[in-house]
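Quick note: the first sequence uses our numbering, first residue 40, plus one each step.
Heads up, the beta-carbon is just placed ideally off N, CA and C, and yes, glycines get one too.
Computed from a predicted model, the values in this text were never measured in an experiment.
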Amino acid sequence: MPELPEVETTRRGIEPHLRGYTVTAVKVRERRLRWPIPDDLEQQLTGQIIGSITRRGKYLLLHAGPGIVLLHLGMSGSLRVLPLDTPWQKHDHVTLDLSNGLSLRLHDPRRFGVLLWLDAAPADHPLLAKLGPEPLGNHFSGTHLYEQSRGRRVAVKSFIMKGQVVVGVGNIYASEALFHAGIDPRQPAGQIELPRYECLAAAIRTILGAAIAQGGTTLRDFVNGVGEPGYFRQQLAVYERGGEPCPLCDTAIIRLKIGQRASYYCPQCQH
DNA sequence: ACTGGCTCCTGAGGGC
DNA sequence: TGCCCTCAGGAGCCAG
């Protein structure tokens with residue numbers, strides 16, 4: 040479900056309610072996520088003070104005393120700050136009770152999410168070590184995309200969705216960014232030249248930034264840390280608009296599968 | 001080293 | 001109403 044804007048929206052929503060407070064209890068109802076929640080989570084985390092909450096790609100890192108809670112929301116996960124002792128809902132899996140009378144709850148129907156306890160440097164963790172640059176940071180550029188793509192035949196849409204290339208670009212924003220850059224999502228990544236990658240990098244930054252400013256995109260069930268949806272959906276130009284007119288030229292938007300994922304583009308505007 | 005395909009899981013929606 | 005199919009904001013893992 041969530042891509043970078045939704046994860047960042049969640050981070051911003053929950054941090055003020057967590058930072059500086061102590062974890063008074065850890066309650067786990069379901070350990071079977073993508074990988075099992077570690078057996079010692081309760082012991083490690085209880086009594087720790089939450090420090091900052093940071094984000095790396097689509098991962099959230101809750102800094103808690105000597106360790107870090109590593110979270111990923113998968114396709115259907117969400118985090119909510121709730122009053123203490125709010126009844127469990129279906130697919131609520133974990134609750135962290137806090138010293139301020141609130142609790143943080145993880146909800147994830149499909150259970151593709153991740154919750155791990157890290158006690159070493161997070162940059163060394165296998166899930167984080169090979170990630171590419173942050174799209175809104177200083178190390179991401181058209182040059183980076185150009186250099187990474189030389190010799191590669193994979194479709195450019197699949198290419199920009201790879202976390203080793205650039206983090207945080209998921210299925211919605213990949214289609215949107217390619218539309219704004221005027222690039223056909225099926226183009227082999229290695230055949231695109233530098234000026235077009237400069238344009239694409241700029242489009243990725245613009246789209247992700249605008250989506251964050253709108254609190255992310257809610258298609259079905261995304262809510263931020265305090266239960267509100269995101270409002271970027273109405274600004275999506277092509278995603279889930281197969282058959283509708285292109286906002287630039289009125290040509291019907293095409294839907295097709297690229298790398299098993301639904302993709303949308305305008306055959307007139309994107310080449 | 002790259003590539004495409006499969007996989008985990010639940011729920012919603014459409015066709016018959 | 002029920003059954004079967006497809007599809008869904010991710011991404012690790014595996015052969016070839």
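By the CB criterion at 7 Å, valine 277 and isoleucine 292 fall inside the cutoff.
Ranking Glu232, Leu239 and Phe218 by CA distance to the CA of threonine 290 puts Phe218 first.
Counting other Cβ atoms within 10 Å of its Cβ, lysine 196 reaches 16 or more and is therefore classed as buried. Serine 138 is a Cβ neighbour of threonine 61, given a cutoff of 7 Å. Its chain contains Phe198, Pro227, Ala228 and Gly229 as the residues whose beta carbon lies nearer than 8 Å to that of arginine 191, once the 5 sequence neighbours on both sides are disregarded; these appear in chain order. Glycine 106: member of the beta strand (DSSP E) spanning 106-111, first to last residue.
Around the beta-carbon of alanine 162, fewer than 16 other beta-carbon atoms lie within 10 Å, marking it exposed. In this structure, the straight-line span from the alpha carbon of leucine 57 to that of arginine 225 is close to 43 Å. Rounded to the nearest whole angstrom, the C-alpha separation of leucine 100 and arginine 94 is 6 Å. Taken through DSSP and simplified to helix, strand or coil, valine 46 comes out as helix. The DSSP assignment places 195-199 and 210-220 as complete runs of the alpha helix (DSSP H) inside the region 183-224, in order along the chain (cut-off: 4 residues).
Annotated as distal: leucine 170 and glycine 140, with beta-carbon spacing of 7 Å or more.
Boundaries of the beta strand (DSSP E) around proline 122: 117-122.
Secondary structure note for isoleucine 293: its beta strand (DSSP E) is the uninterrupted segment 293-297.
By a beta-carbon distance limit of 8 Å, isoleucine 246 contacts glutamate 215. Their separation comes to about 5 Å. Around the C-beta of cysteine 308, 16 or more other C-beta atoms lie within 10 Å, and the residue is accordingly described as buried. Between arginine 189 and glycine 176, the alpha-carbon positions lie close to 22 Å from each other.
DSSP lists no bridge partner for proline 172. Counting C-beta atoms within 10 angstroms of its own C-beta, alanine 168 has fewer than 16 neighbours from the protein chains shown and is therefore classed as exposed. Taking a contact to require three or more Cβ pairs closer than 8 Å, the region 101-110 and the region 153-161 qualify as touching.
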